[in-house]
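In numbering that gives the first Met the number 0, the protein residues as written are 0 to 256. Quick notes on the structure that follows.
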Amino acid sequence: MNQNEAMTRDHEILSVREDIVEQTTVQVCIEDTITITLNGIPVTTLKITPVDLESFAVGFLICEGLVSDPGCISAIDVRPTLISVTAEECTLEGSLPSLEIRSAGVGIGRRQELSSPALGDGFTVDKKILFEGTRQVHETATVWRSTGGTHCTILVDNRGHILSAAEDIGRHTSVDKAVGKALLSGIDLGHSFMVCTGRLPGDMVAKAYRAGIPIIVSNNAPFSSGISLAERMNMTLVGFARPPRMSIYTHPERILL
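Written as structure tokens, this is what we have:
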């Protein structure tokens, strides 16, 4: 079974198009309820597509600020409904969030008022490469094309090479999976930019910040919380990136125009 097959199933529907009514088969996304525990403590339960679960766990813990470095993770046990993670010494201080079942479209709402240092300067990307990234994210979103039910995130270097890619039913969890894949491969995310689908509120920007990604690009709109956080953390935020147009909301100096 390939990954697309693991993320979808067939379903019989009645299709209505004006006066034409017919039965047909379509693909729909599969969602499972997955709980992550960190050192035996439940930290979240989310509904996600049941693929790339190890990458999801690593990316989620980093992007939510629960683990500061993937090298601190000593063990990951993946089961159908439970991912148990053991991390040594590097978990951040403070109480863990209370457990509740959430859709894939939200983070856990923790530590969004970041007090850590802003990201450094140095990484830049040509606008042509950035626009190419917007094309690549749509090419990569094969499950979205068959179901219309996923978001996609890719991480790209400034030569236009895709470093990591993931689809999931939520835009937040697609980021977690893409980041986790890259970190498990030892990729330096400080030399990459993120292209994702969907809107950019503060919790999406916070995920990129904690992963060390300096540029975030979406074909959709940012929210004021995302813009404010990107401005404060020295991150470049690009919305409505639909070639040949884009809107650069913060720190445009990283985009070579």
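The beta-carbon is built from N, C-alpha and C at its ideal position, and this holds for glycine as well. This structure is a prediction, so every number in the text was calculated from the model and none was measured.
Identity of the residue in the options nearest residue i by Cα
i: V61; options: L183, N218, T133 and T7; result: Per the sequence shown, residue 61 should be read as Ile rather than Val. It is L183 whose Cα lies nearest to the Cα of I61.
i: S54; options: F239, G197, S173 and I226; result: S173
i: S191; options: S115, H137 and G119; result: G119
i: T74; options: D167, N38, T146 and V42; result: A quick correction: the sequence has Ala, not Thr, at residue 74. Ranking the options by Cα distance to A74, first place goes to N38.
i: L81; options: D31, A164 and I168; result: D31
i: D167; options: D51, T44, V15 and I72; result: D51
i: M193; options: G147, F122 and S227; result: F122
i: S163; options: G132, P242, T85 and L65; result: G132
i: L188; options: T196, G179 and C195; result: G179
i: V142; options: G169, R16, V155 and T34; result: G169
i: T34; options: H10, S14 and V77; result: V77
i: T85; options: P41, I128, S115 and L45; result: P41
i: C195; options: T43, P79, G211 and H171; result: H171
Identity of the residues DSSP links to residue i by a beta bridge
i: D167; result: H150
i: I128; result: None, per the DSSP bridge assignment.
i: S246; result: G238
i: E11; result: T24
i: L255; result: D125
i: I161; result: V155
i: R134; result: In DSSP, R134 forms no bridge with anything.
Span separating the alpha-carbon of residue i from that of residue j
i: A181; j: S224; result: 26 Å
i: Q22; j: V204; result: 43 Å
i: T48; j: E4; result: 11 Å
i: R244; j: E230; result: 21 Å
i: R158; j: G201; result: 28 Å
i: V216; j: A240; result: 7 Å
i: I260; j: D18; result: Here the chain covers residues 0 to 256 and nothing more, so residue 260 does not appear.
i: F222; j: V136; result: 21 Å
i: L236; j: R16; result: 40 Å
i: G211; j: G148; result: 28 Å
i: I186; j: I226; result: 26 Å
i: T44; j: R134; result: 33 Å
i: R144; j: K46; result: 21 Å
i: Q2; j: S115; result: 37 Å
8 Å Cβ shell around residue i - same chain, five flanking residues per side excluded
i: K126; result: M245, I254, L255 and L256
i: N233; result: A117, L118, G119, D120, P213 and H250
i: R8; result: Q26, V27 and I29
i: S97; result: Only weak support exists for where S97 lies, its pLDDT of 49 falling under 50; the value from the coordinates is given anyway. No residues qualify anywhere along the chain.
i: T139; result: C151, I153, I161, A164 and E166
i: H10; result: T24, V25, Q26 and V27
Residues of its chain near residue i, where Cβ-Cβ distance is below 7 Å and the 5 sequence neighbours each way are ignored
i: G93; result: For G93, the predicted model reports a pLDDT of 48, less than 50, meaning its position is unreliable; a value from the coordinates is still stated below. Nothing meets the Cβ criterion.
i: E252; result: none
i: E87; result: C71 and S73
i: G238; result: L199, S217, N219, A220, P221, S246 and Y248
i: I12; result: T23 and V25
i: D156; result: L162, H190 and S191
i: T146; result: T7, Q26, V27 and C28
i: K176; result: D51, S54, F55, G58, A165 and D167
Other residues of its chain near residue i: CB distance less than 6 Å, five sequence neighbours each side excluded
i: A207; result: M193 and I215
i: S14; result: E21 and T23
- For the region 19-102, which segments carrying the beta strand (DSSP E) assignment without a break, of at least 3 residues, lie completely within its bounds, in sequence order? 19-28, 31-37, 40-47, 72-77 and 81-86
- Could you tell me which uninterrupted beta strand (DSSP E) segments, each at least 3 residues in length, are contained entirely in the region 188-233, listed from first to last along the chain? 192-195 and 214-217
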